[in-house]
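Undergrad: Numbers given in my numbering equal positions in the sequence shown, counted from 1, plus 767.
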Amino acid sequence: MIVMKFGGSSVANAEAIRRVTSIVAARQDRRPAVVVSAMGKTTDRLLEIGSNAVAGRRQQALELLKSLEEYHYQEGGLVDGRVRALFEELGELVRGLAVMGEMTPRSVDALSSYGERLSSVIVTEAFRRAGLDAVHVDSREVIVTDDRHTAASPLYAETYARLAGRLPPLLEKQIVVMGGFIASRKDGVTTTLGRGGSDFTASIVGAGIGAEEIQIWTDVDGLLTADPRVVKNVRRVRVISFEEASELAYFGARVLHPSTLLPAIEKNIPVLILNSYRPEVEGTRIVAERVPCTNVVKSISSKRNITVVNITSTRMIGAHGFLRRIFEAFERSQTSVDMVSTSEVSVSATIDRPAALAAIRSELEQFAQVDVEDNQAIVCIVGDNIRYTPGVAARAFRALGGINIRMISQGASRLNLGFVVANQDLEAALEALHAEFFTEVDPNVFA
Ligand code: ADP
Ligand code: ASP
Ligand code: MG
């Protein structure tokens, strides 16, 4: 058994869905469970419809909904009763939101779940019409989470038990198709795993059924040496360790949702990143063992629009419990901290979900002075050779030359080195680091 996950752009239109169909057909003998994202930018559209509805722009919301519906009929190639029924339900929900005038995290999940509910039905049907024996499984019946709406975490024991009970017997004879991203609480209420969460679904499913491989099919050739939207001349990484790829995902390489590798690591299942537009390319293989390499750095991740919180207290630092109080303030608002650095009198932390900033700030201000910098970016070089090679930081600093570095951090694993720079310096910083570390590459590791 294998898991094959196709991202939004891989199922964005009729032609893309045909490509996916032939990719899956060619791998039928491996007994694939297929996980699909919402078609194209559907999740963004759904959230936009919701914002319009609650802001009193009911008409606008309904018009956007109409065009989303037409897009699904047009590109999904299927005016089927189930798709119509889903749009009818969705229409009710949007009208309800317009009446209520507010969106709770629970209703955000109800709304955004429709993208994957639709795409999974449409793709199942596309497979059938192409002669494949496919069956749809509603992910919400097998993936159970806690109640942290919009970023829920799976309850692993229950989820694995349900997956192991339900999928393997079906996979004996059929191709299973499921929506990514969506799940449900124990009481059946719909939840989601956070933006980009279909990757995570794929690895949860893979771990649950003991798959021999998890394939993440996307719109680039694999994990690249930097974000291709920012840096020219990026290379493909042929093979990388779980440890390194986890750091990259965590620090912003969008190609993998940050939690994706956890279930795969636990069950030691290799993860492949592949291009659905160029299935002949071998992609990137993420494996348990170390990958020897003559380059120090394997890839550079980046994340824009983060916020730096500087917490200063001349009297508290070094005092018992100071750091604990700081982290509790973030924890209570369910805000995770990405990078931390400390000095004699201050602690700096970066966050990427500033929603709860006001609450965090007022809690911290009870014992420290707080100052906040918006519009910052993280750049992080990752490679397990960093810990064995002296002088890497010096090379990075030299390359970054005139760029103002706001914060520096090395993870405890010592396989990453992170910098915070202003958003507007991100591109220059990435180009400079990429030129420094990837002008010559080890042909065994990079393509
Ligand atoms: P999908 O819809 O298939 O999940 P995403 O848009 O979530 O695709 O992720 C793929 C995109 O991630 C690529 O198109 C690329 O622009 C971006 N990306 C950022 N950093 C990297 C990286 N290091 N390697 C590959 N892609 C990256
Ligand atoms: N459709 C969801 C999103 O856009 C999940 C995913 O694509 O992975 O965030
Ligand atoms: Mg994604």
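Every residue gets a Cβ at the ideal spot worked out from N, C-alpha and C, and that includes glycine.
Which residue comes first and which comes last in the beta strand (DSSP E) that contains Glu1140?
TA: From DSSP, the beta strand (DSSP E) with Glu1140 extends over Gln1136 to Val1149.
Undergrad: Any heavy atom of the ligand MG closer than 7 Å to the CB of Asp994?
TA: For the ligand MG, not one heavy atom lies less than 7 Å from the Cβ of Asp994.
Undergrad: Here's a check: name, in chain order, each residue in its chain whose Cβ is nearer than 8 Å to the Cβ of Leu922, leaving out the five neighbours to either side.
TA: Same-chain partners within the cutoff: Val911, Thr912, Asp913 and Lys953.
Undergrad: Three-state secondary structure (DSSP) at His903?
TA: DSSP places His903 in strand when its eight states are reduced to three.
Undergrad: Have a look at Ser1043, Gly1088 and Ser1129 and flag the residue whose alpha-carbon is nearest the alpha-carbon of Ser777.
TA: The residue with the shortest Cα to Cα distance from Ser777 is Ser1043.
Undergrad: Cβ-heavy atom distance between Arg1052 and the ligand MG below 7 Å?
TA: It does not: the Cβ of Arg1052 is nowhere closer than 7 Å to a heavy atom of the ligand MG.
Undergrad: If contacts are defined as beta-carbon pairs under 8 Å, then Val1004 and Gly989 qualify, I think. What distance do you get, rounded to the angstrom?
TA: Indeed they touch by this definition, with Cβ atoms about 7 Å apart.
Undergrad: I'd like to check one pair, Pro1030 with Ala978: are the Cβ atoms closer than 8 Å?
TA: It is not a contact, given that the beta carbons lie outside the stated cut-off.
Undergrad: Please name the residue in Ser789, Gly858 and Ser886 whose C-alpha comes closest to that of Leu832.
TA: The candidate whose alpha carbon is nearest that of Leu832 is Gly858.
Undergrad: Using three-state DSSP, classify Lys1070 as helix, strand or coil.
TA: In this structure, Lys1070 counts as strand in the three-state DSSP scheme.
Undergrad: Find the nearest neighbour of Gly1050 within the set Ile981, Ala1199 and Thr1156, judged by alpha-carbon distance.
TA: Considering only alpha carbons, the answer is Ile981.
Undergrad: Checking 8 Å against the spacing of the C-beta atoms, do Lys772 and Trp984 come in under that value?
TA: Cβ atoms of Lys772 and Trp984: closer than 8 Å.
Undergrad: Name all residues in chain order for which at least one heavy atom of the ligand COA lies closer than 6 Å to the residue's CB.
TA: This structure does not include the ligand COA; its bound ligands are the ligand ADP, the ligand ASP and the ligand MG.
Undergrad: Give every residue of the same chain whose Cβ lies closer than 8 Å to the Cβ of Ala1189, excluding the five residues on either side of it in the sequence, and list them in chain order.
TA: Cβ within range, chain order: Asn1142, Gln1143, Ala1144, Asn1171 and Arg1173.
Undergrad: Leaving out the 5 sequence neighbours to the left and right, which residues in its chain are closer than 8 Å to Thr891 when beta-carbon positions are compared?
TA: Ala901, Val902, His903 and Val944.
Undergrad: Name the residue from Glu856, Ala865 and Arg812 whose alpha carbon lies nearest to the alpha carbon of Ala820.
TA: When only C-alpha atoms are compared, the closest one is Ala865.
Undergrad: Shorter than 7 Å, the distance from the beta carbon of Asp986 to the closest heavy atom of the ligand ADP, or not?
TA: Yes, since a heavy atom of the ligand ADP falls inside the 7 Å radius drawn around the Cβ of Asp986.
Undergrad: Quick one: does the C-beta of Ser804 sit closer than 7 Å to a heavy atom of the ligand ADP?
TA: Yes, the Cβ of Ser804 comes within 7 Å of a heavy atom of the ligand ADP.
Undergrad: Confirm the yes/no value for this check: CB of Leu990, any heavy atom of the ligand ADP, distance under 7 Å.
TA: Yes, the beta carbon of Leu990 sits closer than 7 Å to at least one heavy atom of the ligand ADP.
Undergrad: Within 10 Å of its beta-carbon, does Tyr927 have 16 or more other beta-carbons around it, so buried, or fewer, so exposed?
TA: Buried, by the Cβ-count rule.
Undergrad: Short check: CB of Gly947 to CB of Gly961, under 8 Å?
TA: No, these two residues do not count as a Cβ contact at 8 Å.
Undergrad: Any heavy atom of the ligand ADP closer than 7 Å to the Cβ of Arg812?
TA: Checking the Cβ of Arg812 against the ligand ADP gives no.
Undergrad: Pull up the CB-CB distance for Val1139 and Val1076, whole angstroms please, since I reckon it's below 8 Å.
TA: Going by Cβ atoms, the distance from Val1139 to Val1076 rounds to 6 Å, so yes, they are a contact pair.
Undergrad: Per DSSP, Ile816 forms a beta bridge with which residues?
TA: Ile816 is not bridged to any residue.
Undergrad: Can you give me the C-alpha to C-alpha distance between Ile889 and Ile1153, rounded to a whole angstrom?
TA: Roughly 46 Å between the two C-alpha positions.
Undergrad: Given this structure, state the Cα-to-Cα distance separating Val1112 from Ile1127, to the nearest angstrom.
TA: Rounded to the nearest angstrom, the two C-alpha atoms are 19 Å apart.
Undergrad: Taking the beta strand (DSSP E) that Met1231 belongs to, which residues open and close that run?
TA: The requested residue 1231 does not occur in the structure, where the chain is confined to residues 768 to 1214.
Undergrad: Report, in whole angstroms, the separation of the C-beta atoms of Ile1053 and Phe1009, which I expect to be a contact under 8 Å.
TA: That pair is a contact at about 6 Å.
Undergrad: Would you check whether the ligand ASP has a heavy atom nearer than 7 Å to the C-beta of Glu842?
TA: False, no ligand heavy atom lies under 7 Å from that Cβ.
Undergrad: Got a sec? Which residues, its chain only, sit under 6 Å from Met806 by beta carbon, not counting five neighbours each side?
TA: Once the five neighbours on either side are set aside, the close Cβ partners of Met806 are Val778, Ala779 and Ser886.
Undergrad: According to DSSP, simplified to helix, strand and coil, what is Thr1027?
TA: Looking at Thr1027 - three-state DSSP - the assignment turns out to be coil, as it is neither helix nor strand.
Undergrad: CA-CA distance, Leu1090 and Cys1147?
TA: Spanning the two alpha carbons is a distance of roughly 24 Å.
Undergrad: By Cβ distance below 6 Å, which residues in the same chain neighbour Lys1070 in space, the five residues on each side in sequence not counted?
TA: Closer than 6 Å at the Cβ level, and outside the excluded window around Lys1070, lie Gly1019 and Ile1145.
Undergrad: Taking only the alpha-carbon atoms, compute the straight-line gap between Thr1206 and Gly1158 and give it to the nearest angstrom.
TA: Their Cα atoms are separated by approximately 17 Å.
Undergrad: Helix, strand or coil for Gly764 per DSSP?
TA: This structure gives no information on residue 764, because the portion of the chain shown stretches from 768 to 1214.
Undergrad: Would Glu1011 pass as a contact of Asp1151 if the rule is Cβ separation under 8 Å?
TA: Yes, the pair counts as a contact, with Cβ atoms nearer than the cut-off.
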